[in-house]
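Working notes for the structure below.
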Amino acid sequence: MGPVLAGVLQLLALIGALALVHIPLGAYMARVYSADRHWRIEKWIYRSVGADPDTQMRWPAYLRGVLAFSAVSVLFLYLLQRLQGVLPLSLGFKAIDPDQAFNTAVSFVTNTNWQSYYGEQAMGHVVQTAGLAVQNFVSAAVGMAVAVALVRGFARSRTGELGNFWSDMVRGVTRVLLPGAFIAALVLVACGVIQNFSGIHEVGQFMGGSQQWNGGAVASQEAIKELGTNGGGYFNANSAHPFENPTPFTNLFEIFLLLVIPFSLTRTFGVMVGSVRQGYAILATMAALWVGFVALMMWTEFAHHGPALQIAGGAMEGKEVRFGVGSSSIFAVSTTLTSTGAVDSFHSSFTGLGGGITLLGMMLGEIAPGGTGSGLYGMLVMAIIAVFIAGLMVGRTPEYLGRKIGTREIKLAACYILVTPALVLVFTAAAMALPTPAHSMANSGAHGFSEILYAYTSAANNNGSAFAGLNADTHWFNTTLGLAMVLGRFLPMVFVLALAGSLAEQRPVPVTAGTLRTEKPLFAGLLVGAILIITGLTYFPALALGPLAEGLAS
23 MGPVLAGVLQ LLALIGALAL VHIPLGAYMA RVYSADRHWR IEKWIYRSVG ADPDTQMRWP
83 AYLRGVLAFS AVSVLFLYLL QRLQGVLPLS LGFKAIDPDQ AFNTAVSFVT NTNWQSYYGE
143 QAMGHVVQTA GLAVQNFVSA AVGMAVAVAL VRGFARSRTG ELGNFWSDMV RGVTRVLLPG
203 AFIAALVLVA CGVIQNFSGI HEVGQFMGGS QQWNGGAVAS QEAIKELGTN GGGYFNANSA
263 HPFENPTPFT NLFEIFLLLV IPFSLTRTFG VMVGSVRQGY AILATMAALW VGFVALMMWT
323 EFAHHGPALQ IAGGAMEGKE VRFGVGSSSI FAVSTTLTST GAVDSFHSSF TGLGGGITLL
383 GMMLGEIAPG GTGSGLYGML VMAIIAVFIA GLMVGRTPEY LGRKIGTREI KLAACYILVT
443 PALVLVFTAA AMALPTPAHS MANSGAHGFS EILYAYTSAA NNNGSAFAGL NADTHWFNTT
503 LGLAMVLGRF LPMVFVLALA GSLAEQRPVP VTAGTLRTEK PLFAGLLVGA ILIITGLTYF
563 PALALGPLAE GLAS
């Protein structure tokens with residue numbers, strides 16, 4: 023079997039698995055967020071934090087819950103890292119430096135999981151499990167809660183109430199993420215991923231020095247890292263490390279995990295708004311972009327030149343021989359089109375155009391299918407933009423799901439799509455203009471620029487993957503990337519929740535003969551076009567200076 027055929031078959035198997043669980047998982051999540059009863063363990067959690075789960079919140083109160091919980095989480099994780107030296111099971115590692123502790127705390131709380139440190143050489147077992155792994159659960163649950171709040175904005179009328187943040191967040195953890203991660207961890211352990219609290223072991227000599235490895239609760243963290251679209255690896259090599267990802271099957275299974283909730287949430291959306299066909303339209307848009315990007319990536323990485331690459335079967339530089347070009351291409355596209363950031367290959371070593379595809383995937387706004395929750399609410403905002411464009415073309419007041427898209431709604435949607443590009447481009451320009459940040463680049467020219475552009479694109483879009491080749495463990499990058507992650511996570515949430523509140527206050531608009539049918543393939547095509555055009559107009563100059571220049575020159 024040739025490598026191209028193997029890659030295509032893996033893609034088809036992955037699509038089949040996602041299709042198999044789409045309806046049951048999506049419908050289950052709709053029931054979770056619509057249930058009236060609370061589990062006993064959930065009641066204990068509510069009492070411990072002093073929250074009333076039955077109180078309906080308007081969008082300002084919902085937002086305050088999101089921000090307060092996230093702020094406390096950042097403080098807790100920061101202190102945990104700073105106190106690592108006196109914690110048990112620290113493996114002898116010292117406390118994390120203040121700037122890196124800030125960067126890491128912000129990174130995991132914002133679901134970015136950017137890592138400017140070597141995991142196996144910096145973090146002990148307590149920080150990894152009680153700190154980083156816990157944030158993998160709750161940060162994903164926060165994203166899902168905000169998405170559900172926006173869906174309720176479309177589903178409810180003549181009320182500004184969006185549900186209860188504490189109830190939505192806790193249910194996301196206890197009823198969706200914990201059971202899913204438990205099952206996934208069992209599968210990973212059965213397939214060879216390690217799960218222990220072992221110390222550091224010397225396993226032999228390597229290039230004149232001793233080679234050491236430490237164990238850890240890797241399978242449990244790997245499961246939620248992918249299922250919650252987090253991406254932070256226990257080891258520096260992330261999902262290219264055999265302790266995290268030992269076989270081609272686990273590689274495909276991990277891709278499945280990082281895609282399953284974002285794709286299934288479209289079914290949840292359809293059920294909650296009372297029209298599963300609307301959910302299918304959003305699903306079709308996400309799937310079309312994802313499959314298209316995978317096909318482009320495979321073409322660029324299999325379109326090899328020269329005898330060496332022909333013998334290897336593709337551009338194998340930076341890729342694991344266990345997985346090959348096809349599987350690595352699927353992983354790279356899936357992790358950058360979601361907010362995962364896990365890697366099983368090194369994107370800096372992809373072809374010039376291949377690296378540009380990973381960049382463009384994040385620049386779309388992490389919406390195809392995006393992160394857990396953030397992908398759905400990002401795509402719904404883009405749907406509002408597409409409806410507005412269609413309304414301008416036919417001279418009608420734009421409507422979506424029975425809601426008029428007026429001045430307030432379009433301003434909030436416009437702010438949502440502008441804030442992330444502004445963060446990416448401003449921080450990238452500052453890093454290239456100042457003398458010190460440029461010293462962190464391992465390469466010059468177009469590829470070096472791509473390293474900087476990729477870092478800020480990854481941070482502001484809460485992806486967390488790295489282009490490699492960039493030394494990001496400096497005061498400048500730890501601080502500015504941390505700011506990009508915070509602003510890139512919470513400013514869009516402000517606009518999303520304000521938009522949800524505005525929609526929930528409206529009276530439904532009856533469907534007429536002139537209403538745009540947003541459940542039809544025509545609208546899905548319009549939505550795809552709007553996403554690509556907006557992204558292209560925003561980022562084309564930056565892409566032309568980096569990956570496009572490198573790809574055309576090679």
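Counting from 1, position 35 in the sequence shown corresponds to residue 57 in the working numbering; the numbering is continuous, with no gaps. Ideal Cβ positions, reconstructed from N, Cα and C, are used throughout, including at glycine.
- A check of alpha carbon separations from residue 111 across 143, 26, 221 and 57 identifies 221 as the nearest.
- Taking the Cα of residue 293 as reference, the smallest distance to any Cα among 46, 342 and 140 is reached at 46.
- Around residue 569, the same chain offers 374, 375, 377, 378, 381 and 472 as residues with beta carbons nearer than 7 angstroms, after the five sequence neighbours per side are excluded.
- Within the same chain, 121, 122, 124, 125, 138 and 494 come within 8 angstroms of residue 500 by CB-CB distance, once the 5 residues on both sides are set aside.
- DSSP lists 223 as the bridge partner or partners of residue 235.
- The alpha-carbon of residue 466 is positioned some 56 angstroms away from that of residue 530.
- Between residue 528 and residue 179, the beta carbon gap of about 6 angstroms places them in contact (Cβ cut-off 8 angstroms).
- Taking 8 angstroms as the cut-off, the beta carbon of residue 369 is found no closer than this to the beta carbon of residue 524.
- At the C-beta level, residue 243 and residue 155 come within 8 angstroms of one another.
- In the DSSP annotation of this structure, the continuous segment of the alpha helix (DSSP H) that includes residue 82 starts and ends at 81–104.
- Its chain contains 421 as the residues whose beta carbon lies nearer than 7 angstroms to that of residue 537, once the 5 sequence neighbours on both sides are disregarded; these appear in chain order.
- By alpha-carbon distance to residue 241, the top candidate from 223, 224 and 202 is 202.
- In terms of Cβ geometry, residue 475 and residue 450 form a close pair [threshold 8 angstroms].
- Taking 8 angstroms as the upper bound for CB-CB distance, residue 80 and residue 184 are in contact here, some 7 angstroms apart.
- Contact between residue 567 and residue 468 holds, since their C-beta atoms are separated by about 7 angstroms, short of 8 angstroms.
- Taking the Cα of residue 482 as reference, the smallest distance to any Cα among 550, 353, 516 and 445 is reached at 445.
- The distance from the Cβ of residue 305 to that of residue 288 is about 4 angstroms, consistent with a contact at the 8 angstroms cut-off.
- Check the Cα spacing between residue 533 and each of 424, 108 and 505: the tightest is with 424.
- Taken in chain order, the complete alpha helix (DSSP H) segments of 4 or more residues contained in the region 176–205 are 187–193.
- Here the C-alpha atom of residue 413 lies approximately 16 angstroms from the C-alpha atom of residue 541.
- Annotation for residue 289: the continuous alpha helix (DSSP H) segment containing it runs 270–294.
- Around residue 307, the same chain offers 546, 549 and 550 as residues with beta carbons nearer than 6 angstroms, after the five sequence neighbours per side are excluded.
- For residue 319, the uninterrupted alpha helix (DSSP H) segment begins and ends at 298–324.
- Three or more pairs of CB atoms, one per stretch, sit closer than 8 angstroms, so the region 393–405 contacts the region 342–361.
- Here the C-alpha atom of residue 144 lies approximately 37 angstroms from the C-alpha atom of residue 25.
- Rounded to the nearest whole angstrom, the C-alpha separation of residue 151 and residue 217 is 12 angstroms.
- For the 8 angstroms CB-CB criterion, residue 407 and residue 552 form a contact.
- Beyond the five residues adjoining it in sequence on each side, residue 439 comes within less than 8 angstroms, by CB distance, of 387, 403, 404, 407 and 556 in the same chain, given in chain order.
- For the pair residue 264 and residue 208, the Cα-to-Cα distance works out to about 17 angstroms.
- Of the other Cβ atoms in all chains shown, 16 or more fall within 10 Å of the Cβ of residue 197; this residue is therefore buried.
- With distances taken between CA atoms, residue 260 lies nearest to 367 out of 367, 498 and 448.
- Going by beta carbons, residue 272 and residue 215 fall inside the 8 angstroms limit.
- Excluding the 5 residues flanking it on each side, residue 561 has same chain C-beta neighbours closer than 6 angstroms at 385, in chain order.
- Contact between residue 573 and residue 351 is ruled out by a C-beta separation of about 15 angstroms, above the 8 angstroms threshold.
- Not a single unbroken stretch of the beta strand (DSSP E) spanning 3 or more residues falls wholly within the region 460–534.
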